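Its first residue numbered 80, the sequence shown is counted upward by one per residue in the numbering used here. The beta-carbon is built from N, C-alpha and C at its ideal position, and this holds for glycine as well. Bear in mind the structure is a predicted one, so any value in this text is a computation, not a measurement.
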Amino acid sequence: MPSSASEGPAPSADAAAAAAQAAAYSTPAAAYGASPSFGVPSSSGGPGMYDGTLKSLSEKNGYGFIVCEGTFSQYKRDVYVGQQDLPESAKVGDILRFEVSLNAKNHPKASKVTILSSASS
């Protein structure tokens with residue numbers, strides 16, 4: 080008797096564990112241990128301003144990404160930031176305040192970036 084299309088091999092334990100880990104880190108809060116003030120619209124920076132954490136920075140490529148709950152809930156992705164838009168002293172882990180606009184692909188892009196608090200060295 081032929082098997083139905085819905086039957087198939089069960090996922091391996093490794094695959095299930097990898098999927099669970101990927102799901103756990105698919106949101107900024109899970110990956111960066113969100114606190115109540117993490118990645119929210121800025122209350123003192125004015126409309127359109129957000130606070131988030133510099134997640135990555137590639138000097139070689141000239142850009143990085145900011146993780147922010149507020150923008151992630153809207154755009155389902157981290158915010159791109161060009162190195163030219165970052166303060167010179169910015170480093171991964173810094174808490175930043177930034178304005179969001181959309182690029183040609185409708186992806187979020189940071190501008191007017193300032194450092195609110197610096198990551199410990």
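What's the C-alpha gap between residue i and residue j?
i, j, result
"K45", "Y154", "Here the chain comprises residues numbered 80 to 200, so residue 45 is not present and cannot be evaluated."
"S182", "S199", "The question names Ser, but residue 182 is Asn in the sequence shown. Between N182 and S199, the C-alpha separation is close to 32 Å."
"T193", "F177", "7 Å"
"C147", "V160", "12 Å"
"L215", "G127", "Outside the shown range of the chain, which is 80 to 200, sits residue 215, and nothing can be said about it."
"S152", "H186", "13 Å"
"K134", "Q163", "16 Å"
"T132", "R156", "14 Å"
"K170", "K139", "14 Å"
Here's the rule I'm using: 16 or more other beta-carbon atoms within 10 Å means buried, otherwise exposed. How should residue i be labelled?
i, result
"Q100", "Bear in mind that a pLDDT of 49 at Q100, under 50, signals an unreliable position, so the number given afterwards is only what the model happens to contain. So Q100 counts as exposed."
"S116", "Caution is warranted here: a pLDDT of 39 is assigned to S116, below 50, making its placement in the model unreliable, and the coordinate value is therefore given only provisionally. Answer is exposed; the Cβ neighbour count stays below 16."
"P166", "exposed"
"G141", "exposed"
To the nearest whole angstrom, what separates the beta carbons of residue i and residue j, a pair I think is in contact under 8 Å?
i, j, result
"I174", "V158", "That belief does not hold up - the Cβ atoms of I174 and V158 are roughly 14 Å apart, past 8 Å."
Among residues of its own chain, excluding the 5 on either side of residue i, which ones have a beta-carbon nearer than 6 Å to its beta-carbon?
i, result
"K188", "Y159, S180, N182"
"G172", "A198"
So, at 8 Å on beta carbons, what are the nonlocal neighbours of residue i in its own chain, with the 5 sequence-adjacent residues on each side left out?
i, result
"S168", "I194, S197"
"S114", "Summary for S114: the model assigns pLDDT 39, below 50, so the residue's position carries little reliability; its value from the coordinates is reported in the next sentence. Counting only Cβ-Cβ distances below 8 Å, and skipping sequence neighbours, we find nothing."
Can you give me the Cβ contacts of residue i inside the same chain, cut-off strictly under 7 Å, excluding the 5 residues immediately before and after it?
i, result
"K191", "F177, E178"
Give, in chain order, every unbroken run of the alpha helix (DSSP H) that is at least 4 residues long and sits entirely within the region 132-171. Look at the region 132-171 and you find these whole runs of alpha helix (DSSP H), each 4 residues long or longer: 148-154.
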